[in-house]
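**Q** Residue numbers for the sequence shown follow numbering that gives the first Met the number 0, so the first one is 0 and each next one is one higher. Even glycine gets a Cβ: it sits at the ideal position worked out from N, Cα and C.
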Amino acid sequence: MTTLSTAVPAAPRDGRLARLWRGRAEDAPWVRPALLGLLVATGLLYLWNLSASGYANSFYSAAVQAGGESWKAFFFGSLDAANAITVDKPPAALWPMALSVRLFGLGSWQILVPEVLMGVGTVAVLYAAVRRRFAAGAGLIAGAVLALTPVAALMFRFNNPDALLALLMTVAVYCVLRALERERDAAKWLVWAGVAFGLAFLAKTLQAFLILPPLALVYLVCAPGGFGRRLGRLALGGLAMLVSAGWWVALVELWPASSRPYVGGSQNNSFLELTFGYNGLGRINGDETGSVGGGGPGGGMGGGRWGETGIVRMFNDSVGGQISWLLPAALILLVVGLVVTWRAPRTDTARSAFLVWGGALLMTLAVFSFMAGIFHEYYTVALAPYVAALVGMGAAVLWEERTRWLASAALAVTVAVTAWWAWTLLGRTPDWLPWLRWTVLVAGAVAALGLLFAGRVDRRLGLAVAGLGLAAGLAGPFAYTLETVNAGHQGSIVTAGPAGGAMGGRGPGGGRLFEGGGMTPPGGQGGQGGQMPGGQMPGGQMPPGGQTPGGQMPGGQMPGGQMPGGQGQGRGFPGGTPPQGMTRGEGRGGGGMGGLLNGASVGTEAKAALLADADAYTWVAATVGAQNAASYQLATEKPVMAIGGFNGSDPSPTLDAFKRYVTEGKIHYFIGGGEGGAGGEGAGRMGGGGPGGDSEISTWVSETFEKVTIGGATLYDLTEKK
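1) With distances taken from CA atoms, which of 112, 82, 42, 306 is nearest residue 52?
2) Given this structure, state the Cα-to-Cα distance separating residue 707 from residue 106, to the nearest angstrom.
3) Would you call the region 91-107 and the region 56-68 in contact, with 3 or more CB pairs under 8 Å?
4) Where does residue 668 fall in DSSP's three states?
5) Starting from residue 714, follow the alpha helix (DSSP H) in both directions and report where the run begins and ends.
6) Run the CB neighbour count on residue 85, radius 10 Å, all protein chains shown included, and call it buried at 16 or more, exposed below.
7) Under the assumption that residue 140 contacts residue 335 (Cβ atoms under 8 Å), give the Cβ distance between them as a whole number of angstroms.
8) Residue 637: buried (16+ other C-beta within 10 angstroms of its C-beta) or exposed?
9) Starting from residue 39 and walking both ways along the alpha helix (DSSP H), at which residues does that stretch end?
10) Are residue 453 and residue 460 close, meaning C-beta to C-beta below 8 Å?
11) Report the start-end ranges of each alpha helix (DSSP H) in the region 155-243 that is 4 residues or longer and not cut off at the edges.
12) Hey, would you say residue 82 sits closer than 8 Å to residue 490, going by beta carbons?
13) Use the C-beta contact count for residue 177: other C-beta atoms within 10 angstroms, 16 or more gives buried, fewer gives exposed.
14) Cα separation between residue 20 and residue 33?
15) Out of curiosity, what's the CA-to-CA distance linking residue 619 and residue 271?
16) Measuring CB atoms only, is the region 375-394 touching the region 160-171, in the sense that at least three cross pairs come out at less than 8 Å?
17) Keeping to the same chain, check which residues put their C-beta closer than 7 Å to that of residue 329; ignore five residues upstream and five downstream.
18) My guess is that residue 353 and residue 333 are in contact by the Cβ rule of under 8 Å, so how many angstroms apart are they, rounded?
19) On the three-state DSSP scale, how would you describe residue 679?
20) Could you tell me whether the region 435-446 touches the region 479-496, using the rule of 3 or more Cβ pairs below 8 Å?
21) Residues in its own chain within less than 6 Å of residue 130 by CB, not counting five upstream and five downstream?
22) Roughly how far, in whole angstroms, is the beta-carbon of residue 79 from the beta-carbon of residue 639, given that I think they are within contact range, below 8 Å?
23) If the criterion is Cβ atoms closer than 8 Å, does the pair residue 324 and residue 476 meet it?
24) With a threshold of 7 Å on Cβ separation, who are the neighbours of residue 340 within its own chain once the five nearest residues in sequence on each side are excluded?
25) Looking only at its chain, what residues have a beta carbon closer than 7 Å to the beta carbon of residue 237, apart from the 5 residues adjacent to it on each side?
26) Could you give the DSSP three-state label for residue 728: helix, strand or coil?
27) From what residue to what residue does the alpha helix (DSSP H) around residue 706 run?
28) First and last residue of the beta strand (DSSP E) that includes residue 622?
29) Since residue 645 contacts residue 58 with CB under 8 Å, what's their CB separation in whole angstroms?
30) Pick out whichever of 395, 367, 250 has its Cα sitting closest to the Cα of residue 308.
31) Under 8 Å, with one C-beta from each stretch per pair, do the region 225-241 and the region 38-50 reach the 3-pair mark?
32) In terms of alpha-carbon separation, which member of 643, 448, 617 lies closest to residue 625?
33) If you measure between the beta carbons of residue 728 and residue 695, is that distance less than 8 Å?
34) For residue 639, report the span of its beta strand (DSSP E) as first-last.
35) Among residues of its own chain, excluding the 5 on either side of residue 117, which ones have a beta-carbon nearer than 8 Å to its beta-carbon?
36) Check the DSSP bridge columns for residue 77 and list the partner residues they point to.
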């Protein structure tokens with residue numbers, strides 16, 4: 000059976016360019032054009048309406064802008080070019096975007112096109128990985144499934160670190176699969192796998208290592224050569240991983256703290272503390288000091304604060320429409336692949352492929368399902384390549400065996416279950432394309448019935464029925480993906496698909512309500528998050544300072560429900576209820592979630608004030624919270640100090656340090672409470688933090704300097720005392 004052959008094909012004698020265009024010598028003429036067509040189609044799909052997201056997550060866009068201005072900010076991942084504080088992640092995911100901005104200037108396309116290219120690259124690497132051991136059709140199916148996964152279409156058009164992470168994880172799996180083929184090449188490919196893992200760590204810290212255990216175990220058991228040699232090669236790959244990640248970590252830890260930015264997200268200015276605390280074990284057990292809504296031992300986000308934990312988490316109302324369309328099929332086909340290859344030799348590469356992709360899927364699935372700390376729906380993009388690979392490989396195996404009753408029955412069951420699950424997911428948005436739900440169910444049922452018999456009777460009829468089954472399985476995610484690329488996405492918490500598909504609603508003109516805690520304006524332009532057009536929310540205008548009685552919207556209602564004090568459906572929080580401490584009365588910027596999770600609206604008058612004599616200051620302004628600082632920095636392209644980091648909980652700068660900056664004339668304005676502003680007088684802290692934090696700074700500023708309102712923004716001129 001050619002699909003499961005363990006023989007490695009001989010390299011063609013053609014030149015590299017000829018091979019790129021023609022593909023494998025043994026491939027049919029349509030294979031390479033089909034692959035190139037898939038990649039072009041993926042690129043065009045992801046580029047469609049790209050600028051509707053504006054600066055997307057302004058938190059990372061501000062760091063990209065800073066990196067485009069300052070090489071020091073580029074290296075550390077600083078939020079501003081004056082290097083006050085870094086983002087709460089290592090900087091590798093920022094580097095491609097910052098280089099693009101440095102070359103082409105600041106703009107939405109310059110920031111987001113590198114993410115699109117990562118998406119196309121991930122599809123290409125996935126195809127190559129699957130094609131190594133299976134038919135070309137398997138690789139094409141895998142690539143198409145990945146490209147049309149809604150959360151993939153979301154994150155490969157967004158500027159969070161997850162796009163680069165998904166690409167590097169796919170590259171790592173590809174390298175491990177190559178290492179499993181030939182003993183003589185194994186060391187080289189394991190070194191490259193280690194490099195990919197190390198770079199992935201520099202994109203999103205310990206999440207990069209989730210799939211290390213199953214991949215290492217599969218290599219140790221299934222690779223050719225003696226056990227000692229296998230173990231030695233794994234150690235060599237581990238050393239490569241340590242070097243490729245550790246060089247940057249060592250430089251940051253050894254660099255004098257006085258001459259580098261504060262490590263954002265940490266409580267003691269240590270990247271290692273950030274890695275193993277807030278970004279590490281805290282994500283598992285919920286004890287996240289400095290996290291949104293608090294944290295620290297015994298007081299974290301555990302107990303399902305970030306949504307219901309458990310084995311069904313990936314299938315629930317919040318997450319299901321993002322990733323789970325073909326997840327049941329992937330699990331079924333994983334079992335099928337292992338059954339078919341059960342009696343193969345130890346070094347069989349087809350079985351190893353199922354074990355590698357399946358192990359990666361199951362490990363990531365288990366962690367995501369049970370982690371008690373911060374969890375967002377878009378994290379599930381990490382699962383997309385694993386799901387896609389298993390679907391492509393499993394479909395190819397069953398197609399090769401279709402003349403057997405058990406294989407045809409397994410194909411039929413897979414298609415039927417996939418259609419039923421799509422019918423279920425589409426039923427969660429009953430008013431959105433209601434005809435599609437029943438079309439998918441009927442088409443899937445017809446295809447499942449046909450696969451029981453057609454493949455055993457006539458090949459062409461079998462192909463037609465299989466095509467119908469594939470179309471039925473992809474119709475739902477394809478529709479969700481089209482809806483995703485047709486809308487802008489902004490803020491820190493974003494979801495794919497139609498309004499209601501993962502909670503929340505859609506604003507007028509295509510904007511999304513409460514995606515990142517705010518609302519994107521008509522057209523989805525950047526820098527407008529956190530407010531309704533005109534500064535109003537449904538039901539009326541926010542009171543001054545953005546605080547509403549009891550932390551509720553006027554009338555106690557948010558679109559789809561209530562803020563804390565009543566159950567709601569604000570987009571981005573499981574069950575619609577933000578974590579404790581994230582009520583309107585306690586949030587930042589525009590008075591709440593809009594400031595914490597999305598940017599502020601910057602008026603032309605406020606922008607002009609900050610730009611006046613801007614070159615005379617190190618920071619044109621300072622404000623509490625990174626999202627608010629990011630909005631003003633992106634508007635002015637000048638450094639703005641983010642006091643307290645992302646959510647105002649980092650102890651940086653201290654009050655004494657801030658006073659020193661003011662005395663030395665390094666900061667012009669403090670942006671306080673008011674429309675589109677931050678914190679202000681009496682602002683409560685979002686998280687733990689340390690002494691001398693943002694509330695002390697806000698109080699000192701309000702007591703020492705005159706407050707003025709410029710274009711709706713509350714500013715304090717730090718060069719003019721009362």
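**A** For this structure:
1) The sequence position of residue 52 within the sequence shown is 53, counting from 1. For residue 52, the nearest C-alpha among the options comes from 112.
2) Translated into the one-based positions of the sequence shown, residue 707 becomes position 708. Translated into the one-based positions of the sequence shown, residue 106 becomes position 107. If I take the Cα positions, the gap works out to 31 Å.
3) yes
4) If you number the sequence shown from 1, residue 668 lands on position 669. Strand, per DSSP.
5) For the purposes of this step, residue 714 is identified with residue 715 of the sequence shown, where counting begins at 1. Note, residue 714: premise wrong, no alpha helix (DSSP H); beta strand (DSSP E) at 712-720.
6) The sequence position of residue 85 within the sequence shown is 86, counting from 1. Residue 85 is buried by the Cβ-count criterion.
7) In the sequence shown, residue 140 corresponds to position 141, counting from 1. In the sequence shown, residue 335 corresponds to position 336, counting from 1. Wrong, their Cβ atoms sit about 15 Å apart, outside the cutoff.
8) Within the sequence shown, numbered from 1, the residue matching residue 637 stands at position 638. Its Cβ being crowded by 16 or more others within 10 Å, residue 637 is buried.
9) Translated into positions along the sequence shown, residue 39 becomes position 40. It spans 30-46 - the alpha helix (DSSP H) in which residue 39 sits, taken as one unbroken run.
10) One-based indexing of the sequence shown puts residue 453 at position 454. One-based indexing of the sequence shown puts residue 460 at position 461. Yes; because the gap between Cβ atoms is below 8 Å, this pair is in contact.
11) 161-178, 182-203, 211-221
12) Within the sequence shown, residue 82 is the residue found at index 83, counting from 1. Within the sequence shown, residue 490 is the residue found at index 491, counting from 1. Taking 8 Å as the Cβ cut-off, residue 82 and residue 490 do not qualify as a contacting pair.
13) Numbered from 1 along the sequence shown, position 178 holds the residue referred to as residue 177. Result: buried.
14) Here residue 20 is taken as the residue at index 21 of the sequence shown, counted from 1. Here residue 33 is taken as the residue at index 34 of the sequence shown, counted from 1. Approximately 11 Å, taken between the alpha carbons.
15) If you number the sequence shown from 1, residue 619 lands on position 620. If you number the sequence shown from 1, residue 271 lands on position 272. Answer to the nearest angstrom: the Cα atoms are 31 Å apart.
16) yes
17) Indexing the sequence shown from 1 puts residue 329 at position 330. Around residue 329: 360, 386, 389, 390.
18) Counted from its first residue, the sequence shown places residue 353 at position 354. Counted from its first residue, the sequence shown places residue 333 at position 334. Correct: roughly 6 Å between the Cβ atoms.
19) Along the sequence shown, one-based indexing puts residue 679 at 680. Residue placement at residue 679 is flagged as unreliable, the pLDDT there being 32, under the threshold of 50; a coordinate-derived value is accordingly withheld.
20) no
21) In the sequence shown, counting from the first residue as 1, residue 130 sits at position 131. Excluding residues within five positions, the ones whose Cβ falls inside 6 Å are 138.
22) Numbered from its first residue, the sequence shown carries residue 79 at position 80. Numbered from its first residue, the sequence shown carries residue 639 at position 640. Their Cβ separation, rounded to whole angstroms, is 6 Å, which keeps residue 79 and residue 639 in contact under 8 Å.
23) Numbered from 1 along the sequence shown, position 325 holds the residue referred to as residue 324. Numbered from 1 along the sequence shown, position 477 holds the residue referred to as residue 476. Yes, these two residues count as a Cβ contact at 8 Å.
24) Here the question's residue 340 lines up with position 341 in the sequence shown. Excluding positions up to five away in sequence, the list reads 3, 347, 349, 350, 353.
25) Taking the sequence shown and counting its residues from 1, the one referred to as residue 237 is at position 238. Only 193 meet the Cβ criterion.
26) This structure cannot settle anything about residue 728, because the visible part of the chain is limited to 0 through 721.
27) Taking the sequence shown and counting its residues from 1, one reaches residue 706 at position 707. Note, residue 706: premise wrong, no alpha helix (DSSP H); beta strand (DSSP E) at 704-709.
28) For the purposes of this step, residue 622 is taken as residue 623 along the sequence shown, with counting starting at 1. Residue 622 -> beta strand (DSSP E) spans 618-623.
29) If you number the sequence shown from 1, residue 645 lands on position 646. If you number the sequence shown from 1, residue 58 lands on position 59. Going by Cβ atoms, the distance from residue 645 to residue 58 rounds to 7 Å, so yes, they are a contact pair.
30) Walking along the sequence shown from the start, residue 308 turns up at place 309. Cα-wise, what sits closest to residue 308 is 367.
31) no
32) To locate residue 625, count along the sequence shown from 1; it is residue 626. Nearest of 643, 448, 617 to residue 625, Cα basis: 643.
33) There is simply no residue 728 to check, as the chain begins at 0 and stops at 721 in what is shown.
34) The count along the sequence shown starts at 1 and reaches residue 639 at position 640. 639-642 is the extent of the beta strand (DSSP E) around residue 639.
35) To locate residue 117, count along the sequence shown from 1; it is residue 118. Hits under 8 Å: 95, 155, 162, 163, 165, 166.
36) Your numbering for residue 77 matches position 78 in the sequence shown. 85, per the DSSP bridge assignment.
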